[in-house]
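Written below as C-alpha cells is the structure these notes are about.
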Amino acid sequence: MKYIPEPFRIKTVEPIKMTTPADRRKAIEEAGYNTFLLKSDDVYIDLLTDSGTSAMSDAQWAALQMGDEAYAGSKNFYDLEKTIQDIYGYKHIVPTHQGRAAEHILSQYLIKKGDHVPGNMYFTTTRLHQELAGGKFVDVIVGEAHDTTSTHPFKGNVDMAKMQRLVDEVGADKIPYVSYETCVNMAGGQPISIANIRELRKFCDKHDIKIMLDNTRTVENAYFIQTREDGYANKSIKEIVKEICSYTDGCTCSSKKDCLVNIGGFLAMNDEDFFIEAKAQVVIYEGLHTYGGMSGRDMAALAQGIRESVDDDYIKYRVEQTNYLGERLTEAGVPHVIPHGGHAIFLDAKRFLPHIDQDQFPAQVLAAEIYTETGVRAMERGNVSAGRDPETGKNRHPALELVRLTIPRRVYTQSHMDYTAEGIARLYEKRDQIKGLKFIFEPKQLRFFQARFKPLEPVAVPTS
Ligand code: F0G
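Okay, here's the thing in C-alpha cells:
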C-alpha cells in the first residue's frame with residue numbers, strides 16, 4: 007500500500023481559491039517575501055503550520071455545544087483535568103491559552119539568572135522564554151540531528167555525553183531541568199526513543215535535575231516508537247504516550263497540534279509547590295486557574311481531541327500521510343530531511359539552493375518561490391528563525407537551513423499531497439534561477455514572524 011486511506015469521511019467542505027502565478031508573485035512581493043505575511047485567502051494549500059489548523063471531528067463540534075462558561079469551576083475544566091490525568095498521567099494541570107503561555111510560567115518558576123537549560127534542540131518561543139527568565143539554552147541533541155542525510159531512527163535523542171559535559175562544566179546546581187521535546191520540531195519532527203528517556207531519567211535522578219517535557223507532539227512520537235523501537239510493536243499508542251510522560255516531572259503543551267484543536271494549551275506537573283505557584287501565575291497572565299485563557303467550550307473540544315488523538319488508526323494515517331509526501335519528493339530527487347518526521351517534511355534549502363549564501367536566506371526565498379510556483383504556503387526554519395546571538399549580535403547560522411511543509415491534521419487529501427510534490431519537483435528543475443534575499447525590516451525578537459525582505463537581484467524565476 008502506497009498510502010494509508012483516511013479513517014474518516016468528509017461532512018463539511020471549505021472552498022479554497024485557485025490563483026495564478028502572476029497573482030502570487032504580486033502577493034509575495036507585497037508580503038515582503040515572508041510567507042507569514044501572506045493573506046490566507048491568497049493561499050491554495052496552506053502548509054505553513056500544523057498549529058491550530060486541524061479539522062475537528064463531529065464529536066468535537068458537538069462538545070462545543072456543551073461549553074460551561076462559568077467563570078470558576080467549569081465542568082469542562084474537570085473533564086479536561088481528568089482526561090489529561092488519564093492520557094498523560096500527570097497529577098496537576100493548569101490550562102493556558104496556548105503553549106507559549108505555559109512556557110512562560112514554567113521558565114519563570116524554574117530558571118534563575120545564570121542557569122543553563124539543556125534541551126534537544128531549541129524551539130523559538132521555548133528558548134526565548136528561557137532567555138527572558140535569565141537562562142542560557144544549551145543544545146544537547148545527538149549530532150545526527152544536524153545532519154539532514156543521517157538515517158538515525160531517533161534523531162531527537164539527547165546525547166548523554168553532552169549532558170555529562172555540561173554538568174562537568176557548570177555544575178548540576180546550575181541546571182534546573184532538561185527541556186525535552188518529543189518529535190523535535192526544528193530537527194525535522196524527529197522522535198526520541200524510550201531507551202533515551204530512560205537513560206536521561208537515570209542521569210537526572212543522579213544529579214537532581216528535573217525533566218520537563220515539551221508534550222506538543224508526543225502522540226506522533228509514540229507512533230515512531232511503536233514502529234521503530236524494539237519491544238513496542240504490540241503496545242498501544244495510549245500506553246506508549248503514558249510511558250513517555252511517566253519519566254518526566256511535568257510538561258508544557260501546545261494543544262494546537264497533537265490534541266486536534268484550534269486553540270489551547272496547558273502546563274502539567276506532579277510537584278505540589280510548583281502547582282500552587284503556577285496557579286498564582288496563571289491568574290496574572292491568562293485567567294482563573296480553571297480556564298487559563300480558554301473558554302469552557304474550548305476545553306470541551308480539547309478534552310475530546312486528546313481522546314481522539316491516541317486512536318491507533320488515526321495516528322497511523324496521520325504520520326503516514328506526511329511520509330507519503332516525503333516519498334513523492336524522494337522520487338523526484340528533491341533534497342529533504344530523512345527519516346521523514348511526523349508533522350512535516352523539511353526541504354533542505356542548503357542542498358536545494360547551494361548557490362545561495364546562508365546570509366542571503368536560502369530557506370526564506372525557497373518558501374517564497376514555492377508559493378509563487380504552486381500556491382502552497384510553507385515556512386522558513388533556518389537562519390531567519392534562528393535569529394541573532396544575543397552576545398555577538400550575529401546571525402546564528404544554524405546547521406539546518408530548512409523549509410517546512412507542515413501537514414494540518416485531517417484537512418488535506420492525498421491529491422493535495424501529489425499536487426504539492428509535483429509543483430516542488432518542477433521548481434527544483436529551475437532552482438539555478440532563484441536568487442537570495444536581504445532584510446528591509448528586521449524585528450528584534452522572533453524576527454521570522456514579521457520580517458520583510460527583498461530580492462538581491464530582479465526575480466528571474468519563470469512560473470509555469
Ligand atoms: N513547542 C513546540 C515544539 C512548538 O512547535 C510550538 C509551536 C510551541 C512549543 C509553542 O506553542 O504556538 O501554542 O504557543 N509551534 C508552532 C509551529 C508555532 O508552527 O511549529 P504555541
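Note that the numbering used here gives residue 343 to position 337 of the sequence shown, counting from 1, and the numbers run on in steps of one. Using N, Cα and C, we set each Cβ at its ideal position, and we do this for glycine too. Keep in mind it's a predicted model, so treat the numbers as computed, not measured.
*When DSSP builds the beta bridges, which residues end up paired with asparagine 401?*
Bridge partners of asparagine 401: Arg394.
*Taking contact to mean at least 3 C-beta pairs separated by less than 8 angstroms, is the region 154–164 in contact with the region 197–213?*
Touching, per the Cβ criterion.
*Give the DSSP-derived three-state secondary structure of cysteine 257 in the structure shown.*
The three-state reading of DSSP puts cysteine 257 in strand, counting E and B together.
*Just reading off the beta strand (DSSP E) that lysine 444 is part of, what are its end residues?*
Where lysine 444 is concerned, the enclosing beta strand (DSSP E) stretches over 443–447.
*Looking at glycine 347 and the ligand F0G, is the gap between the Cβ and the nearest heavy atom below 7 angstroms?*
Flag unset: Cβ of glycine 347 not near the ligand F0G.
*Within this structure, are the beta carbons of glutamine 66 and glycine 271 separated by less than 8 angstroms?*
No. Outside cutoff.
*Where valine 289 falls, given that 16 or more other Cβ within 10 Å makes a residue buried*: So valine 289 counts as exposed.
*Start and end of the beta strand (DSSP E) containing proline 461?*
458–461 is the span of the beta strand (DSSP E), which, as asked, contains proline 461.
_Using a Cβ-Cβ cutoff of less than 8 angstroms, which residues in the same chain neighbour leucine 359 once the five nearest sequence positions on both sides are dropped?_
Within the same chain, Pro368, Val371, Leu372, Arg437 and Ile440 come within 8 angstroms of leucine 359 by CB-CB distance, once the 5 residues on both sides are set aside.
*For the ligand F0G, list every residue whose C-beta falls under 6 angstroms from any of its heavy atoms, going in chain order.*
Matched residues: Thr55, Ser57, Gln104, Gly105, Arg106, Phe129, Thr131, Thr132, Glu187, Asn191, Asp220, Thr222, Ser260, Lys262 and Gly271.
*Determine the extent of the alpha helix (DSSP H) in which serine 185 is found, giving its start and end residues.*
Premise fails: serine 185 lies in the beta strand (DSSP E), 183–187, not in any alpha helix (DSSP H).
*Return the chain-ordered list of same chain residues with a C-beta closer than 8 angstroms to the C-beta of glutamate 150, the five sequence neighbours on each side being excluded.*
Ser156, His158 and Lys161, listed in sequence order.
_valine 409 beta carbon less than 8 angstroms from that of phenylalanine 352_ = With a cutoff of 8 angstroms on beta-carbon distance, phenylalanine 352 and valine 409 are scored as near each other.
*Own chain, CB closer than 7 angstroms to alanine 355, minus 5 neighbours either side, in chain order*: Closer than 7 angstroms at the Cβ level, and outside the excluded window around alanine 355, lie Pro368, Ala369, Leu372, Gly388, Glu407, Leu408 and Val409.
*Give the DSSP-derived three-state secondary structure of alanine 306 in the structure shown.*
In the structure shown, alanine 306 sits in a helix (DSSP, three-state: H, G or I).
*Starting from the Cα of glycine 79, find the closest Cα among Tyr434, Ser301, Cys257 and Cys189 and give me that residue.*
Nearest C-alpha to glycine 79: Ser301.
*asked:* Can you give me the C-alpha to C-alpha distance between glutamate 448 and glutamine 456, rounded to a whole angstrom?
replied: A direct Cα-to-Cα measurement between glutamate 448 and glutamine 456 gives close to 8 angstroms.
*DSSP three-state call for glycine 471: helix, strand or coil?*
No information on residue 471 is available, as it lies outside the stretch 7 to 470 that the chain covers here.
*Straight-line CA distance for methionine 62 to aspartate 153?*
Put simply, the backbone Cα of methionine 62 is about 35 angstroms away from that of aspartate 153.
_Cβ-based neighbour list, histidine 135, same chain, cut-off 6 angstroms, excluding 5 preceding and 5 following_ = Glu109, His110 and Ser113.
*Count the other C-beta atoms from every protein chain shown that fall within 10 angstroms of the C-beta of isoleucine 186, then say buried if there are 16 or more, exposed otherwise.*
It is tyrosine, not isoleucine, that sits at residue 186 in the sequence shown. Residue burial is scored here from C-beta neighbours: tyrosine 186 has at least 16 other C-beta atoms within 10 angstroms and is therefore classed as buried.
*Quick one: residues in its chain with C-beta nearer than 6 angstroms to the C-beta of arginine 171, no 5 flanking neighbours on either side, listed in chain order?*
Cβ contact annotation for arginine 171 (same chain, cutoff 6 angstroms, sequence separation greater than five): none.
_Bridge partner(s) assigned by DSSP for lysine 142_ = Per DSSP, His122.
*If you scan the region 23–98 from start to end, which runs of the beta strand (DSSP E) of 3 or more residues do you find wholly inside it?*
With a minimum length of 3 residues, no continuous beta strand (DSSP E) run stays inside the region 23–98.
*Close beta carbons around glycine 348, own chain, < 8 angstroms, minus the five adjacent residues each side*: The beta carbon of glycine 348 lies closer than 8 angstroms to those of Cys189, Gly195, Pro197, Arg223, Glu226, Asn227, Tyr229, Phe230, Arg324, Val325 and Thr328 in the same chain, with the five residues before and after it left out.
*Out of curiosity, what's the CA-to-CA distance linking aspartate 279 and proline 182?*
About 15 angstroms.
*Please check the pair asparagine 191 and arginine 458, which I expect to be a contact at CB under 8 angstroms, by giving their CB distance rounded to whole angstroms.*
No, asparagine 191 and arginine 458 are not in contact; Cβ-Cβ is about 24 angstroms, not under 8 angstroms.
*Delimiting residues of the alpha helix (DSSP H) encompassing glycine 332*: Taken as a continuous stretch (DSSP letters only), the alpha helix (DSSP H) holding glycine 332 covers 318–337.
*Going by beta carbon distance, what residues of the same chain come within less than 8 angstroms of lysine 180, once the five residues before and after it are set aside?*
Once the five neighbours on either side are set aside, the close Cβ partners of lysine 180 are Gly120, Asp121 and His122.
*What residue range is occupied by the uninterrupted beta strand (DSSP E) comprising valine 19?*
Boundaries cannot be given for valine 19, as no beta strand (DSSP E) includes it and DSSP labels it neither H nor E.
*Which residue's Cα is closest to the Cα of lysine 118: Met275, Ala139, Val146 and Leu54?*
Checking every option, the nearest Cα to that of lysine 118 belongs to Ala139.
*In the DSSP assignment, what are the bridge partners of alanine 274?*
Alanine 274 pairs with Ile99 and Cys257.
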